[in-house]
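First the structure, in the form of structure tokens, and then the observations on it.
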Amino acid sequence: MRNAAASCIQIIILMLLVASAAHASQPKPGPDSRPVVGLVLSGGGARGAVHLGVLKVIEELRVPIDIITGTSVGGIVGGLYALGYSSAEMDELLAGLDWNEIFIDKPPRAQLNLRRKEVNFNFLARVEAGVNSSGIMVPSGLVFGQKMNLMLKALTLFAPEQFDDFPIKYRTVAVDVETGEAVVLSRGDAATAMRASMSIPGIFAPVAWDGRLLVDGGFVNNVPVKLARELGAEVLIVVDLSTKPKPKEELTSPLGIMNQMLGFQILQHSNEQLKLLGPGDILIQPDTTAFASTDFVEAENMVNLGVDAGRDAANSLKRLSLPEPAYQQYLAGKQKPAVAPRVVRDVVIQNDSRLNPRILKAQLDTRAGMPLSIPKLNSDMAKIYGLDIFQSVDYAITDTDAGTQLEITAREKEWGPNYIGFGLVSEDPGNVQVASSYTVTPINSGGGEWHSEIQLGYNKSISSEFYQPLDQHLRYFVQTWAAYRETHFGRYEDGRKAAEYISAVNQLGIGAGRWLGECCKLHFDVISGSRNTEPVVGDLNVEHKAYATGSWSAGIDYDRLDSINFPKSGSLANLTWTMEKKSLGADIDQSKLQVNLLKAGNWRENTVLLWAGLGGVARTEAPAASGFSVGGFFNLSGYEKAELSGRYAAMLRMIYFRELGRIPGALNIPFYAGVSLEAGNVWDNRDDIRADTLMTAGSILLAMDTPLGPLYVARGFAEGGRSKSYIFLGRSFTFF
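Under the numbering used here, read the sequence shown as residues 365 to 1100, first letter to last.
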């Protein structure tokens, strides 16, 4: 009996210890034994701005939050709130974002290396494809989130590695693309976790995380109610942004039907989670049917919608309200920690491309011994990303007793290292060129590049170039190339084409130069080749004209336009002086000068471009094809393309665009209306160049910045009643 009694006592003591441990593991109640409050924020794309409005009301009513779970955009809003950002701070951040840029990985064009601008000039399609041992590959998403990641990284630098250690306990949800399993993210880099939770398949590339590839968690758990309860929440506030299925009358496209079916799957999982709510929980379901998941420009209106929805639930929320002193005590415990100034002790480069890491380090303005500056660091990341070799450039900051170490990780494009590009130019239904390019970069540790292009159609060309930087700062370079071009041009009499010719040009060149910053270069080239001109329409008995060419040229190029399609700010300029010399193999001596200047200015939806071009050939015995031609869209718009030709040329233009709006959807395509005023002419004799000989012209136009390039529908007018209609796809800001 004594042994049995002792055993019973031991069992009772053991049970008490287990119960005590279990009680200790439960979340601690708030002040005055208040319930543990969990906040659950669903996904919803741009509609996530509604969450900010609800948070504003939660703060107004002094409702404390102890646990946050969120998915997709709910994971981002919830994560920042859990780190101590107030709704006002996030609202200010939201208002300052440029939504037309945040989802474009590349740095603004004005900051791109001029080499990349030159290589990409003829290739309008925005999707790049790669070639490797597996064949032709395309990126795994339209967006890799480079800018989004840097923004989140800057906001979460002080975040603890364990999400339990945030001022508010936090979790976000993603999906493993290999298994389809929900993955709860509870530790690691906060910015990466948030970005993984919102990586919508097909739009955003999957995010690598502990050996897995993760995408948007909304597909399996868009409203993580159960997760919040498992973390210890006793009362839940759930903000569900799920939208109702559309009626059949609105399902008019395959994409709309596909989205509807995906929506059913998400809605089914969400309803299963919502069934777990109890009578004491608070469910807020704003009516978001007026907004699409891509309506980021409507953020302010959606914040207001969230405020209205929160106030509709105010009576329920007030049950959780704290007295002012208790709420201030709660707020004091969820402040963002102060970040002490840091000095960089060491910079480490992790790079999986052929490029020498010293080249990457040379691009940085952030160096060992300097204070750490996040804006400067973001600029450094943009420079490396602007080399157009990497799909992502990230950084990590580690504080040790010895100081702060900065580690930069540059991950090469998964679809490289060889790339193909596509281009299309159509000036009228009978004048279409298609183009393709093939680029290998980096071809060696010094950043060498081999780039080839082919163009077929009305005009034809093929070229291949090897480009080699000479120093780790990529400032000095040499290049060599070979090219063949066939170009049609006409001879006009009284506005009618009397004959048409083909000019065939062969070139072999070698050059060298120096970059002056990111947007300017000096170059010197020596070129040898030949030119042959023959008629294809008109009097075919006209003697063919062929002659050898040999020249040197020197020039300076500058390009800081924010866009080559529809620039709103910045400038473009180039000046080239070319000398044909018999000593270099040419049949004739001649000199040629050409200058191009473009300046863009913008206010609100309005843009004005001032654009001028000048050119001259100093020798008169050379054939007309070696001079300049004007005529065509933006080049005396009422005339036929290249209708006027001569030894000397001048063009002045003022072009006005007004953005009328954007086509709704993921591509967010802008469309414009505009006019142009133009003045110019060509002359064979220098003495004829006078202001009173300039001819005037202009155009009215509608335009769109499509994924295939700028598309114009225009009507041009010129002196003497001349007019011409244009349907133009392609770059319009060329020399003449």
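No residue lacks a Cβ here, since even glycine has one placed at the ideal position from N, Cα and C.
As the structure is a computational prediction, the values presented were derived from the model and not from experiment.
Review point. Just reading off the beta strand (DSSP E) that residue 715 is part of, what are its end residues?
Key: 708-715
**Study point:** Of the residues 886, 507, 878, the one placed nearest residue 569, counting alpha carbons only
**Key:** 507
Point to revise | For residue 745, the three-state DSSP class (helix, strand or coil) | key: helix
Check your understanding: Mind checking residue 645: buried by the 16 CB within 10 Å criterion, or exposed?
Key -> Classification of residue 645: buried, given that the 10 Å Cβ count is 16 or more.
Review point. First and last residue of the beta strand (DSSP E) that includes residue 576?
Key: Residues 576-580.
Check your understanding: Beta carbon of residue 738, beta carbon of residue 459: below 7 Å?
Key -> no
Exercise for review: Please go through the region 532-567 and give each complete beta strand (DSSP E) segment of 3 or more residues, from N-terminal end onward.
Suggested key: 533-540, 546-549
Practice item. Just the C-alpha distance for residue 823 and residue 1017, rounded to the nearest angstrom, thanks. Key: Distance between residue 823 and residue 1017, taken at the CA atoms: about 26 Å.
Review point. Using 8 Å as the threshold, is the region 863-879 in touch with the region 834-850, meaning 3 or more CB pairs across them?
Key: yes
Check your understanding: Can the beta-carbon of residue 982 be found less than 7 Å from the beta-carbon of residue 955?
Key -> Note that the C-beta distance between residue 982 and residue 955 is below 7 Å.
Practice item. Measure the Cβ-Cβ separation of residue 802 and residue 825 and say whether it is below 7 Å. Key: No, Cβ-Cβ distance for residue 802 and residue 825 is not below 7 Å.
Practice item. Determine which residues share a DSSP beta bridge with residue 830 and list them. Key: 814, 844
Check your understanding: What's the C-alpha gap between residue 838 and residue 965?
Key -> 31 Å
Point to revise | Per-residue DSSP class, three states only, for residue 852 | key: strand
Review point. Going by Cα to Cα distance, which pick from 991, 945, 1086, 443 is closest to residue 1000?
Key: 1086
**Study point:** Boundaries of the alpha helix (DSSP H) in which residue 439 is found, first to last residue
**Key:** 437-446
Exercise for review: Return yes when the Cβ of residue 429 is within less than 7 Å of the Cβ of residue 564, no when it is not.
Suggested key: no
Check your understanding: If we call anything under 7 Å between Cβ atoms a contact, is residue 404 one with residue 650?
Key -> Not a contact, by the Cβ cut-off of 7 Å.
Check your understanding: Distance, Cα to Cα, residue 836 vs residue 720?
Key -> 8 Å
Check your understanding: Just how far apart, CA to CA, sit residue 641 and residue 437?
Key -> 22 Å
Exercise for review: Name, in chain order, the residues that DSSP records as bridge partners for residue 1150.
Suggested key: Because residue 1150 is not part of the residues shown, which for the chain are 365 to 1100, the question remains open.
Point to revise | Other residues of its chain near residue 366: CB distance less than 6 Å, five sequence neighbours each side excluded | key: Low local confidence applies: a pLDDT of 43 at residue 366 is under 50, so the model's placement there is unreliable, with the coordinate-based value given in what follows. The beta carbon of residue 366 lies closer than 6 Å to none in the same chain, with the five residues before and after it left out.
Exercise for review: Taking all protein chains shown into account, decide if residue 682 is buried (16 or more other Cβ within 10 angstroms of its Cβ) or exposed.
Suggested key: exposed
Review point. Just to confirm, are residue 752 and residue 740 a CB contact at a threshold of 7 Å?
Key: no
**Study point:** Rounded distance between the beta-carbons of residue 771 and residue 759, thought under 8 Å
**Key:** 7 Å
Practice item. Figure out for me which residue from 638, 812, 667, 639 has the closest Cα to the Cα of residue 652. Key: Checking every option, the nearest Cα to that of residue 652 belongs to 667.
Practice item. On a CA-only basis, which of 632, 831, 799 is nearest residue 809? Give me that one, please. Key: 831
Check your understanding: How long is the line joining the alpha carbons of residue 899 and residue 996, rounded to whole angstroms?
Key -> Their backbone Cα atoms lie some 21 Å apart in a straight line.
Review point. Roughly how many angstroms lie between the CA atoms of residue 601 and residue 1068, to the nearest whole one?
Key: 45 Å
Point to revise | Validate contact between the region 912-931 and the region 461-478 using beta carbons, cut 8 Å, 3 pairs | key: In short, these stretches touch, since the Cβ pair count reaches three.
Exercise for review: Apply the 10 Å Cβ neighbour rule to residue 1082 and answer buried if 16 or more other Cβ atoms are within range, or exposed otherwise.
Suggested key: buried
**Study point:** Candidates 934, 958, 936, 710: closest to residue 942 by CA position
**Key:** 958
**Study point:** Neighbour-count burial assignment, residue 1094, 16 or more Cβ in a 10 Å radius
**Key:** buried
Check your understanding: According to DSSP, what are the bridge partners of residue 1037?
Key -> 1022, 1066
Practice item. Apply the 10 Å Cβ neighbour rule to residue 1027 and answer buried if 16 or more other Cβ atoms are within range, or exposed otherwise. Key: An exposed status is given to residue 1027, since fewer than 16 other beta-carbon atoms sit within 10 Å of its beta-carbon.
Exercise for review: Measure the beta-carbon distance from residue 896 to residue 876 and round it to whole angstroms, keeping in mind my assumption that it falls under 8 Å.
Suggested key: 29 Å between Cβ atoms; not a contact.
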